[in-house]
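Participant:
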Amino acid sequence: MLAGAGLAFALVDAGGTVTAGNDTFADTLALPRAALAGRTLAELFSDSDLTPAELDFEVGAVVAGRRRRASREARVGDGRALSLTFTPAGTWAGRRQALLLVDDVTERRRADEEQERLRDLLGTAASEWRATFDAIDAPIFIFGAGNRAERLNRAARALAGRDFAELIGRRLADFGEGPLWQEAAVLVDRARAERRPVEAEVRDPASGRTWTLAASPGTPDLSEARPVILTVRELTRLVRLQESLRRSQTMAAMGALVAGVAHEVRNPLFGISSVVDALELRLADRGELGTHLAHLRHELGRVEKLMADLLDFGRPVTPEPEPVALGDVVDDAIAACVPRLEAAQVTIECRRDATQPVLLDRRRVCQALINLIENAAHHAPPGTPLEVRLESVARAGRTWAKLTLRDHGPGFRDADLPRLFEPFFSRREGGTGLGRPIVRRIVEGLGGEVEAANAPDGGAVVSLRFPLTAAPVSPAGGG
Numbered sequence: 005m006l007a008g009a010g011l012a013f014a015l016v017d018a019g020g021t022v023t024a025g026n027d028t029f030a031d032t033l034a035l036p037r038a039a040l041a042g043r044t045l046a047e048l049f050s051d052s053d054l055t056p057a058e059l060d061f062e063v064g065a066v067v068a069g070r071r072r073r074a075s076r077e078a079r080v081g082d083g084r085a086l087s088l089t090f091t092p093a094g095t096w097a098g099r100r101q102a103l104l105l106v107d108d109v110t111e112r113r114r115a116d117e118e119q120e121r122l123r124d125l126l127g128t129a130a131s132e133w134r135a136t137f138d139a140i141d142a143p144i145f146i147f148g149a150g151n152r153a154e155r156l157n158r159a160a161r162a163l164a165g166r167d168f169a170e171l172i173g174r175r176l177a178d179f180g181e182g183p184l185w186q187e188a189a190v191l192v193d194r195a196r197a198e199r200r201p202v203e204a205e206v207r208d209p210a211s212g213r214t215w216t217l218a219a220s221p222g223t224p225d226l227s228e229a230r231p232v233i234l235t236v237r238e239l240t241r242l243v244r245l246q247e248s249l250r251r252s253q254t255m256a257a258m259g260a261l262v263a264g265v266a267h268e269v270r271n272p273l274f275g276i277s278s279v280v281d282a283l284e285l286r287l288a289d290r291g292e293l294g295t296h297l298a299h300l301r302h303e304l305g306r307v308e309k310l311m312a313d314l315l316d317f318g319r320p321v322t323p324e325p326e327p328v329a330l331g332d333v334v335d336d337a338i339a340a341c342v343p344r345l346e347a348a349q350v351t352i353e354c355r356r357d358a359t360q361p362v363l364l365d366r367r368r369v370c371q372a373l374i375n376l377i378e379n380a381a382h383h384a385p386p387g388t389p390l391e392v393r394l395e396s397v398a399r400a401g402r403t404w405a406k407l408t409l410r411d412h413g414p415g416f417r418d419a420d421l422p423r424l425f426e427p428f429f430s431r432r433e434g435g436t437g438l439g440r441p442i443v444r445r446i447v448e449g450l451g452g453e454v455e456a457a458n459a460p461d462g463g464a465v466v467s468l469r470f471p472l473t474a475a476p477v478s479p480a481g482g483g
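The opening position of the sequence shown corresponds to residue 5 in our numbering, with each subsequent residue numbered one higher.
1) If you draw a straight line from the alpha carbon of P389 to that of E346, how long is it in whole angstroms?
2) Can you name the start and end residues of the beta strand (DSSP E) that F147 belongs to?
3) Please look up how many angstroms separate the CB atoms of V22 and L40, rounded, as I've assumed it's under 8 angstroms.
4) If we require 3 or more residues per run, which beta strand (DSSP E) segments fall completely within the segment 438 to 465?
5) Give me the residue from R175, D108, R301 with the minimum Cα distance to G83.
6) Considering just the uninterrupted stretch of the beta strand (DSSP E) at G25, what are its terminal residues?
7) Beta strand (DSSP E) containing I233: first to last residue?
8) How is the beta strand (DSSP E) around V16 delimited, first residue to last?
9) Cα separation between L226 and Q119?
10) Alpha carbon to alpha carbon, how far is I172 from L48? Give it in angstroms, no decimals.
11) Where P325 and V342 are concerned, what is the direct C-alpha to C-alpha distance, given to the nearest angstrom?
12) Can you name, in chain order, every residue of its own chain whose Cβ lies under 6 angstroms from the Cβ of T89, other than the five neighbours on each side?
13) Strictly by DSSP, which residues pair up with Q186?
14) Measuring straight from C-alpha to C-alpha, what distance separates P490 and A197?
15) I'd like the span of the beta strand (DSSP E) that includes G94, first residue to last.
16) Roughly how many angstroms lie between the CA atoms of G451 and P471, to the nearest whole one?
17) Using DSSP with H/G/I as helix, E/B as strand and the rest coil, what is P389?
18) Please confirm if the segment 413 to 430 is in contact with the segment 452 to 465, defined as three or more CB-CB distances below 8 angstroms between the two stretches.
19) In the DSSP assignment, the alpha helix (DSSP H) including V350 goes from what residue to what residue?
20) Does the beta-carbon of A7 have 16 or more other beta-carbons within 10 angstroms, so that it is buried, or is it exposed?
21) Pop quiz: A188 and L234 are said to be a contact at Cβ under 8 angstroms. What is the actual Cβ separation, rounded to whole angstroms?
22) Is L45 helix, strand or coil by DSSP?
23) Taking a contact to mean a Cβ-Cβ separation below 8 angstroms, would you say R440 touches L421 in this structure?
24) DSSP on D411, reduced to helix/strand/coil?
25) Which runs of the alpha helix (DSSP H) spanning at least 4 residues fall entirely within the segment 50 to 129, listed in chain order?
26) Can you grab the Cα-Cα spacing for the pair I442 / A372, in whole Å?
27) For L122 and R114, what's the separation of their Cα atoms in angstroms?
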């Protein structure tokens with residue numbers, strides 16, 4: 005009976021001695037069948053990694069009935085892996101026996117090891133892919149069916165302001181309500197419908213940020229569920245540099261023109277002023293004539309102020325920046341404006357948060373602040389404060405020192421906001437329309453930014469931002 009079985013098996017007594025075995029068992033151990041009987045398992049598996057004690061323990065436990073089944077795996081000297089399984093076999097030849105099944109699992113184990121090796125390689129490749137994907141500084145999203153997020157890198161999570169668990173599986177339409185996400189949803193749908201890459205540029209007026217979006221089908225699959233890859237690249241700094249360059253070129257050309265005009269007008273203006281001086285000495289006491297001369301003198305003063313502003317506007321901006329505390333410059337400007345503030349019956353309230361040093365041209369920034377403070381005092385109702393706040397803010401990936409000046413007057417007209425910093429634009433009676441453009445030239449010449457807006461509860465707000473520096477601060481009072 006044992007000879008005809010296809011499985012490799014043998015009968016083993018409680019002492020681990022083989023009492024019988026089939027041909028397959030003998031072939032598996034590379035022994036003649038006649039050499040099996042009377043041999044112990046310790047002898048038959050002497051070149052394996054199993055000890056005699058381990059083999060005796062398993063056989064004894066099964067023969068004694070303490071265990072219904074016992075299994076071991078042995079590595080033999082030729083490198084094969086053999087699976088040994090012991091089960092009760094009843095009583096043979098007056099002795100209780102165990103049935104030992106031996107299965108050569110070498111190929112199976114090699115397949116398992118290869119599978120484990122491939123699994124490790126796949127895991128390593130996936131980790132390296134994720135690390136590479138996350139190392140890309142541009143936000144990348146992969147949207148599948150229903151425009152649900154399937155993959156996104158670290159930069160994409162930062163842009164969305166949420167972690168991976170919150171974003172994965174979420175529909176693109178639920179990412180946000182701003183222009184960026186609205187345009188992204190339209191672009192992803194277009195790329196999927198048209199089956200080609202599409203691009204768009206979008207600007208968020210609220211934050212002033214600009215991005216370029218590119219969406220392309222991720223596979224040649226023709227189904228409507230094909231994944232779409234969306235990449236986002238911020239262009240805010242580049243756009244602002246381009247706008248600043250265009251503005252600088254325009255302002256430089258205009259500045260050269262108005263400076264030339266102002267220079268030519270000053271000479272005849274000086275002559276007219278001299279004639280008025282002479283007439284005042286001789287005719288000022290002649291009643292109505294004196295009144296006319298006073299009015300003429302007033303108008304000459306306005307023209308002289310305009311010529312001074314034109315020359316200042318046309319003068320090339322050659323800042324001499326040094327690291328200073330912006331608060332010190334604010335103090336200088338407020339001190340210079342005290343007479344004007346007292347005449348307007350307006351006070352100053354200054355709030356200062358800790359800020360780092362700023363690279364400034366102290367004299368020119370002080371000039372810009374005086375201009376803004378006096379203009380705000382002109383529009384502020386008597387008895388109200390002008391609010392000045394200094395703080396550090398983050399914007400477009402940089403940290404800035406921000407100075408905000410707010411009055412409690414009527415504020416700017418909404419239609420005027422886009423034109424506030426244009427030369428010669430002014431609704432103030434007697435204004436030249438050059439004050440705010442001069443402020444912009446000074447601030448942007450130092451790498452800063454200037455904005456004007458209306459406060460939600462009324463009043464005009466003008467903000468200046470300057471890049472922070474870690475350099476030491478110049479002592480107060482330095483020029």
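Cβ coordinates follow ideal geometry from the N, Cα and C atoms, glycine included.
Keep in mind that this is a model prediction, so the values were computed, not measured.
Facilitator: Once the coordinates are examined:
1) 12 angstroms
2) Unbroken beta strand (DSSP E) run through F147: 144 to 147.
3) With 8 angstroms as the limit, V22 and L40 qualify as a contact, their Cβ atoms being about 5 angstroms apart.
4) Correct list: 453 to 458.
5) Among R175, D108, R301, the Cα nearest to that of G83 is on D108.
6) That run of the beta strand (DSSP E) goes 22 to 25.
7) Per DSSP, I233 belongs to the beta strand (DSSP E) from 232 to 238.
8) First-last of the beta strand (DSSP E) with V16: 12 to 17.
9) Caution is warranted here: a pLDDT of 47 is assigned to L226, below 50, making its placement in the model unreliable, and the coordinate value is therefore given only provisionally. In a straight line, the C-alpha of L226 is about 33 angstroms away from that of Q119.
10) 58 angstroms
11) Between the alpha carbons of P325 and V342 lies a gap of roughly 26 angstroms.
12) S75, L105
13) According to DSSP, which records beta bridges pairwise, Q186 is partnered with nothing at all.
14) For residue 490 there is no data in the structure shown, the boundaries of the chain being 5 and 483.
15) 85 to 96
16) 7 angstroms
17) Three-state result, P389: strand.
18) Three or more Cβ pairs closer than 8 angstroms define a contact, and the segment 413 to 430 meets that threshold against the segment 452 to 465.
19) Taken as a continuous stretch (DSSP letters only), V350 belongs to no alpha helix (DSSP H), as it is neither H nor E.
20) Here the model assigns A7 a pLDDT of 48, short of 50, so the residue's position is not dependable and the matter cannot be decided.
21) Right, the Cβ-Cβ distance comes to about 6 angstroms (below 8 angstroms), so this counts as a contact.
22) helix
23) Contact flag unset, no.
24) In the three-state reduction of the DSSP assignment, D411 falls in the coil class, being assigned neither a helical nor a strand state.
25) 56 to 67
26) C-alpha separation (whole angstroms): 7 angstroms.
27) If you draw a straight line from the Cα of L122 to the Cα of R114, it comes to about 12 angstroms.
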